[in-house]
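Notes to accompany the following structure.
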Amino acid sequence: MHFIFEPGFFSNTTVRTALVLGLLVSVVSAAIGVFTVVRGQSFAGHALTDVATAGGAGASLAVISPLIGFIGGGVLGAGAMDAIGVQRVKGRDIATGVVLGAATGLSALFLYLVTLQTSTTGSTQTILFGSVFTVEPSTLPDALWLTALVLATLFIIRRPLMMSSISPELAQSRGVRLRLVGLTFMVMLAVAVGLSAIVIGSILSTALLIGPPASALKFSNRFSTAVVFASVLGTLATWLGIILAYDSYYWSASHRGLPVSFFVVSLVVAQFVVANVLAQRRRVRVVHATEHHATPEQVGWI
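For the sequence shown, the numbering used here gives the first residue as 5, with consecutive numbering after it.
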């Protein structure tokens, strides 16, 4: 397998840490991402990436763990969006735009200060585009319990969240507390974005959050099936991205490897393109079969 895995790949502690972290991030991003796409809150997810950027830059200035900054900033942003009115459909774009603008301004200020203080450490590059190979193994326990927290919370609120995602009016008539469910979801979304930021950077974390779930929903309307499929797609993109980034150090004599984020985002985009092509071909076959009076069983096999 030398042509796939360069020497030392599996014996490298940094790589093993990256693979485990990539798995955790892919699963939590898939679970949150499916609901994000269905609820039409992709723009809110993107806004939280900018909030996470501000939090990560602030953490760098305060010399604390980037994970604390990413998640802390995201949670504050989620709370602000809910307070402005993100739980109401008409208020989502306004709330998201206000928070996005404020977060962008803070990000610019904090990154400027980071550049002044740590111009030779590459902190700005790490905050924006991630550097999973620099994550300490001690970060894994934190990532593990945060992942467990998000998944457990989603499992607890899955029914009211699902109902409010499909029909807020019906959910409200059934006694679902829309604001509480919406706020809980936004906080979990912020945690997912923060976790993703330490793998592919805050500015690109939307890719794992939206890409695999959007691809999975092309083939299944069932939440559980879509989450599993999205988890597989996200994990494949992340692991293959880690492999390619590691191998890229050996592609030239200078041993200047390409970033993991570049490969992961490229693979996510490729997955989405392929999913769209396959879904379109499937729709064409179904329409063709229907026009030729195929039985429901035959259409189901297409």
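For glycine and all other residues, C-beta sits at the position ideal for the given N, C-alpha and C.
**Item:** Continuous alpha helix (DSSP H) stretch holding TRP149: start and end
**Value:** 143-160
**Item:** Exposure of THR21, with buried meaning 16 or more beta-carbon neighbours within 10 Å
**Value:** buried
**Asked** Quick one: what does DSSP say ALA35 is sitting in, helix, strand or coil?
**Response** The answer is helix: DSSP assigns ALA35 an H, G or I state.
**Asked** Between ALA274 and LEU282, what straight-line distance do the alpha-carbon atoms span, to the nearest angstrom?
**Response** Cα to Cα, ALA274 sits roughly 12 angstroms from LEU282.
**Message:** Assuming VAL139 is part of the alpha helix (DSSP H), what are its boundary residues?
**Reply:** For VAL139, there is no enclosing alpha helix (DSSP H), since its DSSP letter is neither H nor E.
**Message:** At the level of alpha carbons, what is the spacing between SER219 and LEU271?
**Reply:** 12 angstroms
**Prompt:** Which residues mark the beginning and the end of the alpha helix (DSSP H) in which VAL195 is found?
**Reply:** 182-204
**Three-state secondary structure assigned by DSSP to PRO263** = It is coil, neither helix nor strand.
**Prompt:** For ILE246 versus VAL19, is the C-beta distance shorter than 8 angstroms?
**Reply:** Closer than 8 angstroms, so yes.
**Asked** CA-CA distance, THR151 and ALA194?
**Response** 12 angstroms
**Prompt:** Can you list, in chain order, the residues of its chain whose CB lies under 7 angstroms from that of PHE39, leaving out five sequence neighbours each side?
**Reply:** LEU165, SER169 and PHE189
**Request:** Locate the alpha helix (DSSP H) running through VAL232, then write down its first and last residues.
**Result:** 227-251
**Request:** List the endpoints of the continuous alpha helix (DSSP H) containing PHE47.
**Result:** 46-66
**Prompt:** Do you know offhand how far PHE233's Cα is from LEU148's?
**Reply:** 21 angstroms
**Asked** Grouping DSSP H, G and I as helix and E and B as strand, with all else coil, what is LEU2?
**Response** Residue 2 lies beyond the range of the chain shown here (5 to 306); nothing can be said about it.
**Message:** Only counting the same chain, and skipping five residues up and downstream in sequence, which positions put a Cβ closer than 7 angstroms to that of VAL277?
**Reply:** none
**Message:** Going by beta-carbon coordinates alone, are SER228 and LEU213 separated by less than 8 angstroms?
**Reply:** Going by C-beta atoms, SER228 is not nearer than 8 angstroms to LEU213.
**Prompt:** I think ALA63 touches SER69, with their Cβ atoms under 8 angstroms apart; what is that distance to the nearest whole Å?
**Reply:** Correct: roughly 7 angstroms between the Cβ atoms.
**Request:** Using the Cα positions of GLY59 and GLY198, report the straight-line distance between them to the nearest angstrom.
**Result:** 9 angstroms
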